[in-house]
Amino acid sequence: MRAARIGACAVLVAAVVLGVPSGAAADPAPEPCLVDGTRGVVPDGFVLDACVETGAITLRNPLDVPVSVRVSGDLGAPERRVTAGGASAAVGRGTVDAPVLAPGDVVRWSRGPGAGELVVDVLDRAFSLPVMSELEPLAPRLAGHQDLTGLVAAVGSAVAARTDCIEGRSVIERVACDLRAADAIGTAVAGQVPADAVPAVVDRVLDPARWEAWIAAAAEAAPQVDAGQRRLVQTEAPPPPPPPPVAAPAPGSAPAPRPAPAPGPAPVPGPERTAPAPSPVPGPLPVPLPAPVPLPAPPVPLPAPPRVDLREEAERWLRELAERAERAREAVREEQKNHDRGGRGGR
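Position 331 of the sequence shown, counting from 1, maps to 311 under the working numbering, and the rest follow consecutively.
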């Protein structure tokens, strides 16, 4: 069934009347602007409506086409103050990662103390926007079946791929590019559109003439954006001024002396009085003398060591040795005698 539906989509490629997308109506203008130009002003001919205040920068898109805004530097996250309705505006906001302002959108960025910049750009390859305008009349027939956003994104991607494919190619090669685009679009329609709505959707999206019209409509945004200034610059906050210097006194100058107090009235002298004689001051008490410290007793002389005659001592020692030797010989003789007596008695 799916293959048959894709084949039917490819067969229905034919030229039909081009539906040119119309511009979106703008929402009300933002609140009054309290301009603070100390760190940057809106340049003359800026492409968007802009308000540079003390704490924020606000942009409003008055054009008929959506734009993206590149943000750099010390600026906060985008805060949407006014968001235009409509499916085309919603599709445009989802085409790129940068903030997108559809016609009538109002977005605010808080300001930090550093430098920053906002640059307005044309949406790159915004083929999905004219595709959405083409399919928006069919939204009631597709209600409850499929959100148009997915189908529009698939058709826009196929048209963008075809644009790259046909550049610098021959007629035959361009036909091959058309067939590849038709196959991709037919697959998307077969997978996302109910069977009873396929012929109506195919009549609007499977047509090379419409593809060229969508490419031209997407390219119309560039002249509107390029017609004015696109950069809004915020400079860095100046550092706080230093405290005023303290004035130093002039060299050689001394502070003025304080004036002397005015003299008071002189005291009236009273009757003279005889001062009493001062009482005698007692003399200092006698300081007792310290007791005399007894002298230490003289040391007792040590007895003189006995005088030893080395010669006499040596002779005495030799005599003791001789006596010991004699006693030892006597003991041996006595033992020998006893031995001899025992031997005779045994015979």
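Here a beta-carbon is modelled for each residue, glycine too, at the ideal position from N, C-alpha and C.
What's the C-alpha gap between residue i and residue j?
i, j, result
"A271", "L290", "56 angstroms"
"A140", "D158", "12 angstroms"
"P58", "R210", "18 angstroms"
"L103", "P221", "44 angstroms"
"A119", "Q204", "29 angstroms"
"E192", "T129", "21 angstroms"
"R190", "P12", "43 angstroms"
"L370", "L39", "The structure shown does not extend to residue 370, since the chain is modelled only from -19 to 327, so the question has no answer here."
"A180", "A196", "23 angstroms"
"A78", "V226", "52 angstroms"
"L122", "V45", "26 angstroms"
"W194", "P219", "52 angstroms"
"P30", "P23", "The residue asked about is misnamed: residue 30 is Ala in this sequence, not Pro. Cα-Cα distance, rounded: 9 angstroms."
"V273", "R287", "41 angstroms"
"E200", "I152", "28 angstroms"
"V297", "L275", "Looking at the sequence shown, residue 297 is not Val but Trp. The alpha-carbon atoms of W297 and L275 are separated by roughly 50 angstroms."
"S150", "P188", "16 angstroms"
"A311", "P278", "59 angstroms"
"R309", "Q316", "11 angstroms"
"A6", "P42", "Note that A6 scores a pLDDT of 37, beneath 50, so its modelled location is shaky and nothing firm can be said."
"P117", "S90", "39 angstroms"
"R307", "V280", "47 angstroms"
"E293", "E314", "32 angstroms"
"D206", "V182", "35 angstroms"
"P224", "V100", "43 angstroms"
"E295", "L282", "30 angstroms"
"D144", "A198", "15 angstroms"
"R299", "G322", "35 angstroms"
Grab me the residues of residue i's own chain with a C-beta within less than 6 angstroms of its C-beta, minus the 5 sequence neighbours each way, in chain order.
i, result
"A161", "A138, R142"
"G92", "D54"
"A9", "Unreliable positioning characterises A9 in this predicted model, as indicated by a pLDDT of 43, which lies under 50. A coordinate reading is not provided."
"G96", "G53, D54, L55, Q214"
"E216", "G94, A95"
"I146", "R154, C157"
"S2", "Caution is warranted here: a pLDDT of 33 is assigned to S2, below 50, making its placement in the model unreliable, and the coordinate value is therefore given only provisionally. Cβ neighbours of S2 beyond the five flanking positions: none."
"R238", "none"
Only counting the same chain, and skipping five residues up and downstream in sequence, which positions put a Cβ closer than 7 angstroms to that of residue i?
i, result
"F26", "G208, Q209, L212"
"A202", "V102"
"L336", "What is shown of the chain runs -19 to 327, which leaves residue 336 out entirely."
"A305", "none"
Looking at residue i: is its Cβ nearer than 7 angstroms to the Cβ of residue j?
i, j, result
"A133", "S108", "yes"
"A168", "L131", "yes"
"I165", "V178", "no"
"V51", "L14", "no"
"G136", "V111", "yes"
"S113", "V80", "no"
Spatial neighbours of residue i within its chain, please: CB distance less than 8 angstroms, with the 5 preceding and 5 following residues excluded, ordered by chain position.
i, result
"Q172", "Q126, G130, L131, A134"
"H319", "none"
"L269", "none"
"L301", "none"
Ranges of the beta strand (DSSP E) found wholly within the stretch 140 to 218, counting only runs of at least 3: Within the stretch 140 to 218, the complete beta strand (DSSP E) runs of at least 3 residues are 211 to 214.
Could you check whether the stretch 79 to 89 touches the stretch 43 to 63, counting it as contact only if at least three pairs of C-beta atoms, one from each stretch, sit closer than 8 angstroms? Contact check between the stretch 79 to 89 and the stretch 43 to 63: three or more CB pairs, one atom from each, fall below 8 angstroms, which counts as touching.
Across the stretch 33 to 49 and the stretch 12 to 19, are there enough close Cβ pairs to call them in contact, namely three or more that are closer than 8 angstroms? Result yes; three or more Cβ-Cβ pairs closer than 8 angstroms.
Hey, which unbroken runs of the beta strand (DSSP E) at 3 residues or more fall wholly within the stretch 82 to 112? Within the stretch 82 to 112, the complete beta strand (DSSP E) runs of at least 3 residues are 86 to 102.
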